[in-house]
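Undergrad: Chains as they are written, first to last, in our numbering: chain Z, 1 to 113; chain E, 1001 to 1114.
Each residue gets a CB set at the ideal place from its N, CA and C atoms; glycine is no exception.
Please read through the structure below; I'll follow up with questions.
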């Protein structure tokens, strides 16, 4: 199993809503990542979890709150988002070191209205 | 500053023609290098990677890339393009030591015409 599964695939939310994005992998990887990707742009790193601890936060606004309940799951809690936060949110995982290949999920297409 | 440059924003090739996508990097030491492919609205799939050793790297879907230290380049090639290769291609790099984040290039969109 070399899959990273993200749910939901599409999400529309209002600026006052609270929602969560979910990511799951069963490859035994110990590093997991959240990326944000705007149209026609490369992915931008948001957060990195290593061994279930937050190791990198790329100065992401607090309306994005990551959570890693266990080594297989990664959540991204969303609250009071802005329309400019609309993007494709990608989850990825790797064995435990950013210098190894990362496996990406299919992404969640988020629209904030 | 560390950077990855993909000088071609958009490339159009005929089906069956050969393909070369360019990638240049700027790092203090030899980085780990990657090529990813992304179909519209999808995640990224790793095509190939270079960590060390043989400078010609074979990947999936018939792709290969050549690491040239003297030119700080890691160009992606395919001898015969298929219509299904139409996608966005990202070159990426990271330092070879320590726990460093990957830097992506800005991407090259490949269009394949019949």
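Return yes when the Cβ of residue 101/Z is within less than 8 Å of the Cβ of residue 1049/E, no when it is not.
TA: yes
Undergrad: Could you confirm whether any beta carbon from chain Z is found closer than 8 Å to the beta carbon of residue 1104/E?
TA: yes
Undergrad: Cβ closer than 8 Å: which chain E residues qualify as neighbours of residue 45/Z?
TA: 1101 and 1102
Undergrad: In the DSSP assignment, the beta strand (DSSP E) including residue 101/Z goes from what residue to what residue?
TA: Where residue 101/Z is concerned, there is no enclosing beta strand (DSSP E), given that its DSSP letter is neither H nor E.
Undergrad: Whose C-alpha, out of 1025/E, 1029/E, 1088/E and 1005/E, is nearest the C-alpha of residue 1043/E?
TA: 1088/E
Undergrad: Helix, strand or coil: how does DSSP classify residue 1042/E here?
TA: coil
Undergrad: Quick test of the definition: if touching needs 3 or more C-beta pairs under 8 Å, does the segment 68–81 of chain Z touch the segment 15–27 of chain Z?
TA: Yes: the two stretches touch, three or more of their Cβ pairs being nearer than 8 Å.
Undergrad: Report the residues of the segment 1045–1068 of chain E with a CB closer than 9 Å to any CB of chain C, ordered along the chain.
TA: Absence of chain C from the displayed structure is noted, the protein chains being Z and E.
Undergrad: Can you give me the start and stop residues for the beta strand (DSSP E) that residue 63/Z sits inside?
TA: Careful: residue 63/Z lies outside any beta strand (DSSP E) and carries neither H nor E.
Undergrad: Short of 7 Å Cβ to Cβ, which residues in the segment 20–32 of chain Z face chain E?
TA: none
Undergrad: Comparing C-alpha positions only, which one of 94/Z, 83/Z and 41/Z sits nearest to residue 51/Z?
TA: For the set 94/Z, 83/Z and 41/Z, the Cα lying nearest the Cα of residue 51/Z is the one of 94/Z.
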